[in-house]
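One structure below.
Residue numbers (this note's numbering): 235 to 369.
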């Protein structure tokens, strides 16, 4: 149900722990780079020919990724009809990211500051119809 795109191992671990506390931890796939996320979503690269039948219901996307940045990944997602409507929440460690105007133009549903909070994740899951086992 959730694709977490995050390159920092500590942030991955902390986010997975928070998702678990929110009742969403057993439904997460992790991509460690923007290119890995795109390969998974579109069946390219290491996933050539094996795009998922069912797309994630939420993408948690870090902005500062090596290679393809979060902004670039978001542009690809919004540029393809199959993924255009996917709910994307941006993860960042910065209060005033310079890309914030551009990401909102691309239709993100939430801008989340790391570390994430359980209450905020539950509210986001409820907003998009992901049912938490704790809700």
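For each residue, glycine too, the CB sits at the ideal point set by N, CA and C.
Asked, Found
"Would the stretch 244-261 and the stretch 275-288 be scored as touching if the rule is three or more Cβ pairs under 8 angstroms?", "no"
"Taking all protein chains shown into account, decide if residue 338 is buried (16 or more other Cβ within 10 angstroms of its Cβ) or exposed.", "exposed"
"Using three-state DSSP, classify residue 367 as helix, strand or coil.", "Reliability of the predicted coordinates at residue 367 is poor, the pLDDT of 44 falling under 50, and no value is obtained from them."
"Tell me whether the stretch 307-314 and the stretch 350-357 touch, counting them as touching only if at least three CB pairs, one residue from each stretch, are closer than 8 angstroms.", "no"
"Please say whether residue 329 and residue 240 have beta carbons closer to each other than 8 angstroms?", "no"
"Is it buried or exposed for residue 359, if we count other Cβ within 10 angstroms and need 16 for buried?", "buried"
"Check the DSSP bridge columns for residue 344 and list the partner residues they point to.", "323"
"Can you give the Cα-Cα distance for residue 332 and residue 341, rounded to whole angstroms?", "16 angstroms"
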